[in-house]
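Just below is one structure, and these are the notes that go with it.
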Amino acid sequence: MTAVDAQTLPQDEAHDRAAAITSRAYFGALMRDRVAFVSAIFLGLLLIAALGADLLAPYEPNQANLRARFVPPLGTARDGGFHLLGTDELGRDLFSRLMHGARVSMSIGLLGALCSGIVGITLGVLAGFYRGLLEDVLMRAVDGMMALPSLLIALFILFVIGPGFGNLILIFTLLHWMVFARMARSLTLNHQQHTYITAARAIGGSDRRIILTHLLPNMISPLIVLFTLEIAVLILSEASLSFLGFGVQAPQSSWGLMIARGREYISSAWWLVVMPGAAIFLTALALNLVAAWARAITDPVQRWRWLTPPRRNSQPIDDED
Amino acid sequence: MRAMQPYETLDAVPAPLLDIRDLRVSFDTPHGLVKAVGGVSWSLSPGETLGIIGESGSGKSVGLEAIMGLIKSPPGHVSGQVLFDGRDVLTMAERDRRQLRGEKIAMIFQDAMSALNPSLTVGTQIAEVYRLRRKCSQAEAERKAIELMDRVKIPSAKTRVGCYPHEFSGGMCQRVMIATALALNPQILIADEPTTALDVTVQRQIMTLLAELQREDGMALVLITHDLGLVAETVDRAMVMYAGRIVESGPVDALFETPTHPYTRGLIRSMPRLDGASGALHAIGGTPPAAGRMPRGCAFHPRCEQRVDRCLTERPNLRMVAKGQAAACHLAEETRHD
Numbered sequence: 001m002t003a004v005d006a007q008t009l010p011q012d013e014a015h016d017r018a019a020a021i022t023s024r025a026y027f028g029a030l031m032r033d034r035v036a037f038v039s040a041i042f043l044g045l046l047l048i049a050a051l052g053a054d055l056l057a058p059y060e061p062n063q064a065n066l067r068a069r070f071v072p073p074l075g076t077a078r079d080g081g082f083h084l085l086g087t088d089e090l091g092r093d094l095f096s097r098l099m100h101g102a103r104v105s106m107s108i109g110l111l112g113a114l115c116s117g118i119v120g121i122t123l124g125v126l127a128g129f130y131r132g133l134l135e136d137v138l139m140r141a142v143d144g145m146m147a148l149p150s151l152l153i154a155l156f157i158l159f160v161i162g163p164g165f166g167n168l169i170l171i172f173t174l175l176h177w178m179v180f181a182r183m184a185r186s187l188t189l190n191h192q193q194h195t196y197i198t199a200a201r202a203i204g205g206s207d208r209r210i211i212l213t214h215l216l217p218n219m220i221s222p223l224i225v226l227f228t229l230e231i232a233v234l235i236l237s238e239a240s241l242s243f244l245g246f247g248v249q250a251p252q253s254s255w256g257l258m259i260a261r262g263r264e265y266i267s268s269a270w271w272l273v274v275m276p277g278a279a280i281f282l283t284a285l286a287l288n289l290v291a292a293w294a295r296a297i298t299d300p301v302q303r304w305r306w307l308t309p310p311r312r313n314s315q316p317i318d319d320e321d
Numbered sequence: 001m002r003a004m005q006p007y008e009t010l011d012a013v014p015a016p017l018l019d020i021r022d023l024r025v026s027f028d029t030p031h032g033l034v035k036a037v038g039g040v041s042w043s044l045s046p047g048e049t050l051g052i053i054g055e056s057g058s059g060k061s062v063g064l065e066a067i068m069g070l071i072k073s074p075p076g077h078v079s080g081q082v083l084f085d086g087r088d089v090l091t092m093a094e095r096d097r098r099q100l101r102g103e104k105i106a107m108i109f110q111d112a113m114s115a116l117n118p119s120l121t122v123g124t125q126i127a128e129v130y131r132l133r134r135k136c137s138q139a140e141a142e143r144k145a146i147e148l149m150d151r152v153k154i155p156s157a158k159t160r161v162g163c164y165p166h167e168f169s170g171g172m173c174q175r176v177m178i179a180t181a182l183a184l185n186p187q188i189l190i191a192d193e194p195t196t197a198l199d200v201t202v203q204r205q206i207m208t209l210l211a212e213l214q215r216e217d218g219m220a221l222v223l224i225t226h227d228l229g230l231v232a233e234t235v236d237r238a239m240v241m242y243a244g245r246i247v248e249s250g251p252v253d254a255l256f257e258t259p260t261h262p263y264t265r266g267l268i269r270s271m272p273r274l275d276g277a278s279g280a281l282h283a284i285g286g287t288p289p290a291a292g293r294m295p296r297g298c299a300f301h302p303r304c305e306q307r308v309d310r311c312l313t314e315r316p317n318l319r320m321v322a323k324g325q326a327a328a329c330h331l332a333e334e335t336r337h338d
């Protein structure tokens with residue numbers, strides 16, 4: 001009887017809904033959210049610039065040109081070369097250097113957040129899932145590590161093991177996994193109380209399966225937000241470490257290192273500090289703004305609110321009444 | 001359903017499918033050990049429908065969760081025997097036990113909306129066990145999911161497999177839940193208050209569906225509920241639980257016609273009736289005891305209208321009072337002859 005009742009109801013809606021969840025719908029949702037859209041475009045361009053720096057950069061980033069020293073932004077050097085963001089004390093094009101620096105800054109941010117995320121989420125989920133001694137030890141460790149002054153520890157360790165790209169990632173993993181662990185644990189505790197975890201166990205799911213297919217997908221959207229924000233934090237940390245001379249070493253270049261170098265000329269050539277500073281600021285800002293959008297799009301319960309245009313009044317499907 | 005399988009014929013079935021012997025469940029709490037279920041024995045024959053009736057906190061759900069192996073230890077402690085087809089489930093290796101769940105015994109839960117994973121499509125969830133155990137392809141799993149959705153009468157299953165639980169109504173979610181449980185044709189389906197969260201018309205549809213499926217597959221159904229009306233309509237045999245123990249059990253007709261235990265009588269008297277006198281409904285005075293503070297003697301004595309001195313000190317055992325009917329009351333015989 002239910003079947004008959006329900007057949008008479010319009011089925012288009014379910015069909016519509018299923019069809020709506022396509023890449024076009026994602027794009028449409030992004031378009032409607034102007035701020036996120038601009039941020040996404042900015043990050044996209046940044047990514048292209050970083051990846052294609054070798055091909056796209058107008059000048060060789062480490063090519064000194066003494067005839068083109070301290071050219072201001074939008075200025076033309078004496079040899080006729082146009083420099084969008086000006087040049088530094090050795091006549092190197094700032095725009096090209098920013099593009100190459102983006103590669104280092106972005107990859108440190110991404111890799112650092114990824115490594116600390118993997119370590120932190122794994123430990124946090126295990127602690128929340130199995131509780132007991134593991135949880136106690138781990139969470140006390142987290143508390144302890146959170147209390148450490150991270151910049152000081154980073155400086156100390158980098159002083160001992162030496163600076164460099166790989167060591168930076170290592171330090172960042174060591175100093176940032178706790179944030180993920182804490183969040184993953186509390187999310188696990190929260191979701192474990194839901195009946196669907198009991199139900200998964202009742203149909204014979206193993207612990208591994210319950211964690212991987214039932215817990216993690218439900219935890220992913222807050223974690224994605226944290227991940228995006230961590231990238232911004234790490235780009236900033238990298239900048240301060242490089243600024244202090246313990247991060248990326250010349251001839252490699254990063255935004256932080258560029259600020260450090262430009263500091264000496266701040267009174268005569270402001271752009272040497274302002275341009276990389278602006279790059280750091282805008283990237284961190286864009287990541288923060290995109291985070292909100294990423295949250296909505298990765299949450300299956302909230303997703304359709306974003307994907308369907310606001311004028312449509314969508315109701316959950318109800319066949320029974 | 002009851003008419004098709006009279007209780008008397010089931011009585012003759014030699015080996016029960018599920019045999020519970022002296023099942024006890026207790027929990028470590030900051031206030032000491034708390035007994036949730038204290039020594040419960042019952043059995044279930046193939047194809048039978050058993051109702052377990054009780055208030056919240058009477059141990060009905062906890063007992064079934066213990067049988068399914070869903071009690072975490074620590075803090076939980078489970079003892080006794082749970083024989084499925086003659087094998088003790090409680091002493092089995094975790095691996096074998098997992099195999100049993102879903103494959104032989106399935107369970108559906110009270111609030112289907114929260115018993116479904118919000119981040120997976122219903123199709124994925126319905127076919128999950130099937131994929132897990134039968135190691136089939138994605139396409140085959142989807143076919144199976146559609147087939148199961150058709151069986152539980154979810155309309156236009158083909159377009160709905162890709163939907164998420166939040167796009168379904170409560171009744172539809174419960175159907176999805178049932179489809180999930182049926183994936184491997186289990187021999188026993190445990191339904192923990194399957195209709196409590198639903199409105200009355202949907203309740204009836206779900207119960208009709210369960211009865212139909214049971215008839216088709218011949219699976220046994222254990223129905224946990226506090227809805228006496230539901231029990232009267234659907235069940236062959238029922239048990240009444242109070243404070244972690246069975247206080248009365250028997251064929252459902254006998255229970256309703258000649259309830260013996262004062263608690264059962266109280267429950268039946270507190271049901272609204274269409275015939276007979278109007279007026280205020282009967283209510284059992286007092287509240288059930290907290291699990292940590294169980295009274296001495298019969299757990300029901302503080303609320304019992306007929307208690308005698310013996311009830312304060314000595315706990316009555318469950319004993320036969322009529323064919324197939326047992327009650328745990330010192331005054332069982334007297335009551336019956338009233």
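Chains as they are written, first to last, in the numbering used here: chain P, 1 to 321; chain S, 1 to 338. Note that beta-carbon positions come from the ideal geometry of N, C-alpha and C, so glycine has one too. Keep in mind the model is a prediction, meaning the values are calculated, not measured.
Beta carbon of residue i nearer than 7 Å to that of residue j
i, j, result
"Glu128 of chain S", "Pro288 of chain S", "no"
"Trp271 of chain P", "Gly86 of chain P", "yes"
"Val321 of chain S", "Ala328 of chain S", "no"
"Arg24 of chain S", "Gly39 of chain S", "yes"
"Pro16 of chain S", "Ser41 of chain S", "no"
"Ala68 of chain P", "Gly91 of chain P", "yes"
"Ile224 of chain P", "Thr298 of chain P", "yes"
"Met207 of chain S", "Gly170 of chain S", "no"
"Ser221 of chain P", "Arg295 of chain P", "yes"
"Val248 of chain P", "Ser242 of chain P", "yes"
"Val78 of chain S", "Ile71 of chain S", "yes"
Of the listed residues the options, nearest to residue i (C-alpha basis)
i, options, result
"Arg265 of chain S", "S:Arg293, S:Leu228 and S:Met107", "S:Leu228"
"Asp254 of chain P", "P:Asp299, P:Ala269, P:Val273 and P:Tyr265", "Asp is not the amino acid found at residue 254 of chain P; the sequence shown has Ser there. Measuring from the Cα of Ser254 of chain P, the nearest candidate turns out to be P:Val273."
"Leu74 of chain P", "P:Ile235, P:Asp136, P:Met275 and P:Ala102", "P:Met275"
"Gly51 of chain S", "S:Arg293, S:Leu223 and S:Arg95", "S:Leu223"
"Ala36 of chain S", "S:Ala181, S:Leu100 and S:Gly59", "S:Gly59"
"Phe129 of chain P", "P:Leu187, P:Phe82 and P:Glu230", "P:Leu187"
"Phe180 of chain P", "P:Asn218, P:Ser240, P:Ser206 and P:Val119", "P:Val119"
"Pro30 of chain S", "S:Ile53, S:Gly57, S:Gly76 and S:Leu318", "S:Gly76"
"Glu257 of chain S", "S:Gln325, S:Leu209 and S:Arg87", "S:Gln325"
"Glu142 of chain S", "S:Arg307, S:Ala179 and S:Arg95", "S:Ala179"
"Ser43 of chain S", "S:Leu18, S:Ser61 and S:Ala191", "S:Leu18"
"Pro72 of chain P", "P:Glu60, P:Leu94, P:Leu244 and P:Ile280", "P:Leu94"
"His214 of chain P", "S:Leu267, S:Gly297 and S:Gln125", "S:Gln125"
"Ile211 of chain P", "P:Val125, P:Gly81 and P:Val301", "P:Val125"
"Lys158 of chain S", "S:Val152, S:Ile146 and S:Pro186", "S:Ile146"
Secondary structure of residue i, DSSP reduced to three states
i, result
"His166 of chain S", "helix"
"Glu248 of chain S", "strand"
"Tyr59 of chain P", "coil"
"Leu44 of chain S", "strand"
"Arg303 of chain P", "helix"
"Thr225 of chain S", "strand"
"Leu272 of chain P", "helix"
"Ile121 of chain P", "helix"
"Glu84 of chain S", "Sequence check: residue 84 of chain S is Phe here, not Glu. Reduced to three states, the DSSP call for Phe84 of chain S is strand."
"Glu112 of chain S", "According to the sequence shown, residue 112 of chain S is Ala rather than Glu. Ala112 of chain S falls in the helix class under three-state DSSP."
"Leu18 of chain S", "strand"
"Ile284 of chain S", "coil"
"Thr335 of chain S", "helix"
"Asp93 of chain P", "strand"
"Arg69 of chain P", "coil"
Bridge partner(s) assigned by DSSP for residue i
i, result
"Gly76 of chain S", "S:Phe27"
"Ala238 of chain S", "S:Gly51 and S:Gly250"
"Arg101 of chain S", "S:Ile105"
"His83 of chain P", "P:Gly75"
"Lys35 of chain S", "S:Ser26"
"Gln325 of chain S", "S:Ala322"
"Leu189 of chain S", "S:Ala106 and S:Leu221"
Just by C-beta distance, which residues in the segment 61 to 81 of chain S are closer than 7 Å to chain P?
Met68 and Leu70
So if I threshold CB-CB distances at 8 Å, which residues from the segment 164 to 198 of chain P count as touching chain S?
His194, Thr195, Tyr196 and Thr198
What residues from the segment 201 to 216 of chain P come within 8 Å of chain S, judged by C-beta to C-beta, listed N to C?
Arg201, Ala202, Ile203, Gly204, Gly205, Ser206, Arg209, Thr213 and His214
Output needed in chain order: residues of the segment 138 to 156 of chain S with a Cβ under 7 Å from some Cβ in chain P.
Lys153, Pro155 and Ser156
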